[in-house]
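Numbering (the numbering used here), first residue to last: 201 to 488.
Think of the CB as a built atom: it goes at the ideal place given N, C-alpha and C, for glycine as much as any other residue.
Working notes, beginning with the structure itself.
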Amino acid sequence: MRRHDCRPWKRSMSDFDFSVPVKKDERLAGQVALILGAGSSAPGMSIGKASCIAMAQSGAKVAALDLHMSAAQESVDEVRKLGGQAIAYEADISNFEAMQKAVNAVVADFGRIDILQINAGVGKVGGPEETSLEDWERVQKINVESILIASKLILPLMVKQGGGSVIGVSSVAGMRYLGFPHLAYNVTKAAVIQFIRMLAQQYACQGIRANTIVPGLIDTPRVRRLASSTASEDVEKLRQARDKQVPMGRMGTPWEIATVATFLASSDASYINGTEIVVDGGLIGKYS
201 MRRHDCRPWK
211 RSMSDFDFSV
221 PVKKDERLAG
231 QVALILGAGS
241 SAPGMSIGKA
251 SCIAMAQSGA
261 KVAALDLHMS
271 AAQESVDEVR
281 KLGGQAIAYE
291 ADISNFEAMQ
301 KAVNAVVADF
311 GRIDILQINA
321 GVGKVGGPEE
331 TSLEDWERVQ
341 KINVESILIA
351 SKLILPLMVK
361 QGGGSVIGVS
371 SVAGMRYLGF
381 PHLAYNVTKA
391 AVIQFIRMLA
401 QQYACQGIRA
411 NTIVPGLIDT
421 PRVRRLASST
431 ASEDVEKLRQ
441 ARDKQVPMGR
451 MGTPWEIATV
461 ATFLASSDAS
471 YINGTEIVVD
481 GGLIGKYS
């Protein structure tokens with residue numbers, strides 16, 4: 201069998217600007233989307249920011265929530281530049297009281313919540329011996345307990361409304377070991393998948409769908425921050441190395457996750473429930 205090598209992926213600065221490669225439509229018209237982890241931790245386009253823009257482009261009113269108000273506001277500003285409606289909120293998603301206050305504010309501003317997308321996630325390098333209990337608990341709290349908190353606060357609202365869509369964002373690291381010791385991150389991303397599956401089963405008869413997006417290697421500000429914090433690697437070398445891991449020869453973009461999230465939130469996905477959509481350029485097939 202002949203092996204076909206991918207041509208090197210050539211990037212330009214425009215790959216990471218704020219141009220919007222999503223079409224404007226009305227699939228989410230009249231709906232309110234609460235996006236957790238809606239901002240970006242560094243300059244550039246994150247999955248959360250792209251999701252805010254994509255859903256607004258499809259007619260949703262967007263509640264952009266982030267740990268930092270400045271990050272949430274930046275996403276809101278991009279939505280408004282394109283004529284969309286959005287409001288920024290600040291809260292620690294792993295803190296019940298802070299989230300309760302934020303959710304109450306969203307309902308006061310918009311009257312309802314139809315779509316919940318949970319993007320936030322952190323990790324820590326290390327296997328069982330290297331991972332401290334403090335780091336383990338922190339990653340668990342942000343990556344998993346935050347979903348429990350959001351579910352407790354928002355699912356009752358969706359039940360009263362007669363339905364809704366919950367979208368978790370996991371990672372291929374939650375399905376396969378990719379050769380990097382990120383124990384806490386991998387375990388919690390696996391937990392995201394199972395958590396969303398359980399929601400789907402329990403709330404399906406109440407009109408609530410719950411699905412998970414499983415991204416592969418995505419070129420986000422976090423990747424560039426990771427490289428810049430490692431003295432032995434520059435940003436471009438790390439990106440090239442990650443590109444080579446993917447059968448398609450490149451990392452994905454935040455837009456390629458955001459468009460799937462918008463699809464799952466819409467009536468186009470009305471019979472999709474309790475499953476995962478892997479968006480990874482074929483990466484997971486290398487580790488089957």
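The closest CA to that of Leu-399, considering only Leu-464, Asn-386, Val-366, is found on Val-366. Fewer than three beta-carbon pairs drawn from the region 322 to 337 and the region 399 to 419 are found closer than 8 angstroms, and the two stretches are therefore not classed as touching. One alpha carbon belongs to Leu-228, the other to Glu-330, and they sit about 45 angstroms apart.
Comparing alpha-carbon positions, the option among Val-359, Ser-466, Leu-483, Ser-241 lying closest to Ala-233 turns out to be Ser-466. Judged by DSSP secondary structure, Ala-410 falls within the beta strand (DSSP E) whose first and last residues are 408 to 415.
Note: Leu-316 is bridge-paired with Leu-234, Val-366 in the DSSP secondary-structure output. Sixteen is the threshold: since fewer than 16 other Cβ atoms of the shown chains lie within 10 Å of the Cβ of Ser-470, the residue is exposed. Inside the region 255 to 283, DSSP marks whole beta strand (DSSP E) runs of 3 or more residues at positions 261 to 266, from first to last along the chain.
Counting only residues of its own chain and dropping the five nearest sequence neighbours on each side, Thr-459 has a CB closer than 7 angstroms to the CB of Val-222, Ala-254. Comparing alpha carbon positions, the residue from Asp-419, Thr-462, Gly-364 closest to Val-435 is Asp-419. Burial is judged here by how many other beta carbons sit within 10 angstroms of a residue's own beta carbon; Asp-468 has fewer than 16 and is exposed. Ile-477 and Gly-363 have their C-alpha atoms spaced approximately 21 angstroms apart.
Cβ-Cβ distances below 6 angstroms link Ser-346 to Ile-293, Ser-294 in the same chain, with the five nearest sequence neighbours on each side left out; the list follows chain order.
A Cβ-Cβ distance of about 6 angstroms is found for the pair Ile-457 and Ile-413, placing them in contact under the 8 angstroms criterion.
Put simply, of Lys-486, Val-307, Ala-256, Ala-302 the residue whose alpha carbon is nearest the alpha carbon of Gly-283 is Ala-256. Comparing alpha carbon positions, the residue from Lys-281, Gly-244, Ser-246, Gly-239 closest to Ala-264 is Gly-239. Sequence-distant Cβ neighbours of Lys-249 in its own chain, meaning closer than 6 angstroms and more than five residues away, are Ser-240, Ser-275. Proximity to Tyr-289 across Gly-244, Gly-237, Gly-321 peaks at Gly-237, based on C-alpha coordinates. Annotation for Ile-287: no alpha helix (DSSP H) segment contains it, though the beta strand (DSSP E) segment containing it runs 286 to 290. The Cβ-Cβ distance between Leu-316 and Ile-342 does not fall below 8 angstroms. Looking at the backbone, the Cα of Leu-464 and that of Asn-411 are separated by about 8 angstroms.
In the three-state scheme derived from DSSP, where H, G and I count as helix and E and B as strand, Ile-477 is classed as strand.
Ranked by Cα distance from Gln-300, the first of Glu-278, Val-344, Pro-356 is Pro-356.
In the three-state reduction of the DSSP assignment, Gly-323 falls in the coil class, being assigned neither a helical nor a strand state. In the displayed model, Ile-396 falls within a helix according to three-state DSSP. The three-state reading of DSSP puts Ile-472 in coil, since its state is none of H, G, I, E or B. A direct Cα-Cα distance of roughly 8 angstroms separates Met-375 from Asn-386.
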